[in-house]
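Each number in the numbering used here corresponds to the 1-based position in the sequence shown with 17 added.
Note that the Cβ used here is the ideal one computed from N, Cα and C, for glycine as well.
Right, one structure below, let's go through it.
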Amino acid sequence: TKEMYPEIDYRENVFGYQVLQYVEEIKSPEPPFPLGPVKDVETRKRIHKSNYHLRQNQKDELEVKVMDEGFRCLGSCFPRRPYRRRNLEFKSVNHWSQRQTVIHEIEFLTMNAKEGDYVVYIGAAPATQIPYLSMLFPWVVFHLFDTGVFRIEQSDSVVIHPEEFTKDHLDEWREYRSNVLLISKLERSAEKKESSRDLGSHMIAQRQILLDLQPKKALLRFSLPWGKGKTKYLDGELYLPIWGKQTTTEALLVPNDDRSERDWDNTTFEEQMFYFNTVARVQYYRHAVEGVRGLDHCFDCASEVHVLREYLRRHLITFLTQWQYNEEGREEPSLPQISGEPSFEMISKQLPLFIRQLSKVSSASCHRELHYNPPPSVVRAKWFYSTPNNTSKSRGE
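Here is the structure:
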């Protein structure tokens, strides 16, 4: 950290010191904490010591939970909390955009990808995660559309289209739509200023592509305008983000097969996402994975464990094959004989390897780990507001 930002003395402000203190800690296995609210102060301290991502939850809201069936989804019964600005509050959750992209796509493809399927990926560049996904899902062919710069090479299972997805492409893909999985990573238009009170251009564009193409399944970005009112948009299953921004207001939508629409309440969604960022994301979720530096029991870490465990439950042999080829350099993989579904122990043994490999794949420009790396702007802001000489205080993110 000091090598990256030498102009900042991290030990002269509490915010940076907490980070260094965590990095220097040696995490030892901890006994399972009892389910339910954590009322005991000493227990809360023990949880915070070994779970850095939970440290922003300093109130009496810390709770030990299990990853139940629907903990990844944002339903109508999800709790709400009125929005307020938190630009100067300490935030310990970790935003990792590359990792966010690949873990969402692993989750979606694990649930939906079958032999002979095609992934039509809109807004795919730079697509650095796609070669890894093609190893995890070798039965899928990826077609990538974007006018941006791709940082990967084309292959038999990865076809690059350096252009926008147009009506001409729709005509070409309609006959294959029963085998098409649509993924959209379109962003708001950079050419024209868009108000946060209007539905984003990317939301409108991806809806139109979905309705015209009629794919088997789709994974879309989902965000609503600010302010009161309702927005008519596609109905479907909303998934909470993993490794999203610390104050994220974006979820993921898997639309219903009938492409029905509904009226989404803007305020309800805003308050549900605020509750997610401030409460649900910083609860202690039980899982059994140990030995991965920085992996703790926050929502993001537990969700990643959940997604990867489900992939291994369905495709353990595929994972072991690609691991032995690519990580161990074996020409002839040595695979276990499995009859039926792999055991919990077999899966648990591979999870730390899977998570470390994901860190490597998600660190395109430099090595990075799961513990929190504060952006320098946030550290500077905290240092600025904690220095007595700075009497002229302007608000900022």
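Per-residue DSSP class, three states only, for residue i
i	result
E362	helix
P148	helix
C318	helix
P96	coil
Cβ-based neighbour list, residue i, same chain, cut-off 6 Å, excluding 5 preceding and 5 following
i	result
H219	L203, E204, R205
P392	Low local confidence applies: a pLDDT of 48 at P392 is under 50, so the model's placement there is unreliable, with the coordinate-based value given in what follows. Correct list: empty, nothing qualifies.
R347	Q341
Q231	R194
D317	I259, W260
K245	T284
V175	I147, S151, F159
Y149	V378
Residue i - partner residues in DSSP beta bridges
i	result
V137	H160, L199
D280	K249
I177	L161
E254	V271
Y302	K82
A235	L199
P54	E80
C-alpha distance - residue i paired with residue j, whole-angstrom precision
i	j	result
L251	P353	44 Å
G133	W156	6 Å
R415	E307	The structure shown has nothing for residue 415, since the chain only spans 18 to 414.
F371	E327	12 Å
R310	T335	25 Å
R170	T145	Sequence check: residue 170 is Glu here, not Arg. Cα to Cα, E170 sits roughly 10 Å from T145.
T295	V197	37 Å
N68	P179	43 Å
F293	I355	39 Å
K44	D282	Since pLDDT at K44 reaches only 46, below the 50 mark, its modelled position is unreliable, and the value read off the structure follows with that caveat. When rounded, the distance between both Cα atoms is 43 Å.
E59	R330	37 Å
Q115	P51	34 Å
S360	P369	16 Å
V137	Q289	31 Å
V322	A268	19 Å
Assumed close pair residue i, residue j - CB separation to whole angstroms, cut-off 8 Å
i	j	result
V55	V81	6 Å
T248	L216	6 Å
H70	V110	5 Å
C90	Y256	6 Å
Cut-off 7 Å between Cβ atoms - residues of its own chain near residue i, not counting five sequence neighbours on either side
i	result
F154	L126, A130
V166	A142, P143
H112	W260, G261, K262, Q263
E254	C90, V271
E358	R330
E78	V296
L228	R276
Chain-order list of residues whose beta-carbon lies under 8 Å from that of residue i (same chain, five-residue window excluded)
i	result
P350	L337, T338, Q341, Y342
Any chain C beta carbon closer than 9 Å to residue i
i	result
T118	Of the protein chains in this structure there is only one, and it is not chain C.
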